[in-house]
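Novice: Every letter in the sequence shown is one number past the one before it in the numbering used here, and letter 126, counting from 1, is 126.
Glycine included, every Cβ here is placed at the ideal spot set by N, Cα and C.
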Amino acid sequence: MVMDPEAAPGNLELVRDFVNTLEVESETDALSSPQALAAWLRAHRLLRGGTASREDLEAARALREAIRALLLENNGIGLRRDAARTLDRAAAQAGVTLRFDLSGAPRLEPAAAGVPGALGRILAIVATAMADGAWSRLKACRADDCRWAFYDRARNHSRHWCSMEVCGNRTKARAYRARRAVAR
């Protein structure tokens, strides 16, 4: 089994995969319809049967972009604005609550079923990663035309782009051309 070097550890990979359902550069959205949302959630074992509505699709897309805003903030770009309200709304609709297993270990769990419960499971992973410290390494690419979620494995948490070879080079080339244009 070959590990994806970009994969986030444990359940945090699900959050990275969820955010990356939208490819900003190509404007390709894996959550293109309620049916596509339900299929994605089922494929990731978040939804057992059932369907998704247009409202569920809008809620999922809003949650995805709120999480992306938090990932951009992890990368030094403050775009949080309405993210907290969106996250609060999704948590309330999912009925995310603190539960304890038989050993007394705490976990966050949605009380709702269906798509709201599935989105609540994603929120629970986010909250757990924030609590255990793994969250700060999950970032969104700084490139405006990318915004891809990636896990920063750099020793000093210094990555800015999903790929230095693509987004990093493009950004540096643009900055170089801009400096040369001003110098003329």
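If I measure Cβ to Cβ from I67 and keep anything under 6 Å in the same chain, skipping five residues before and after, which residues do I get?
Specialist: Mapped onto the sequence shown, residue 67 falls at position 67. Around I67: V19.
Novice: Relative to the alpha-carbon of A91, which residue among G104, P110, T128, N11 has its alpha-carbon at the smallest distance?
Specialist: For this step, residue 91 is matched to residue 91 along the sequence shown. For A91, the nearest C-alpha among the options comes from P110.
Novice: For a test of the three-state rule: what should DSSP assign to A60, helix, strand or coil?
Specialist: Numbered from its first residue, the sequence shown carries residue 60 at position 60. Of the three classes helix, strand and coil, the one that applies to A60 here is helix, per DSSP.
Novice: When the Cα atoms are used, what is the spatial distance from A113 to T86?
Specialist: Along the sequence shown, read from residue 1 onward, the residue named residue 113 stands at position 113. Along the sequence shown, read from residue 1 onward, the residue named residue 86 stands at position 86. Straight-line Cα distance between these residues: approximately 19 Å.
Novice: Should the segment 145-161 be called in touch with the segment 26-46, which here means at least 3 C-beta pairs below 8 Å?
Specialist: no
Novice: Let's test the definition: count the other Cβ atoms within 10 Å of the Cβ of D56 and tell me whether it reaches 16, buried, or not, exposed.
Specialist: On the sequence shown, residue 56 is found 56 positions in, with the first residue counted as 1. Per the 10 Å Cβ criterion, buried.
Novice: Which residues bound the alpha helix (DSSP H) around E6?
Specialist: Counting from one through the sequence shown, the residue named residue 6 turns up at place 6. Here E6 belongs to no alpha helix (DSSP H), and DSSP marks it neither H nor E.
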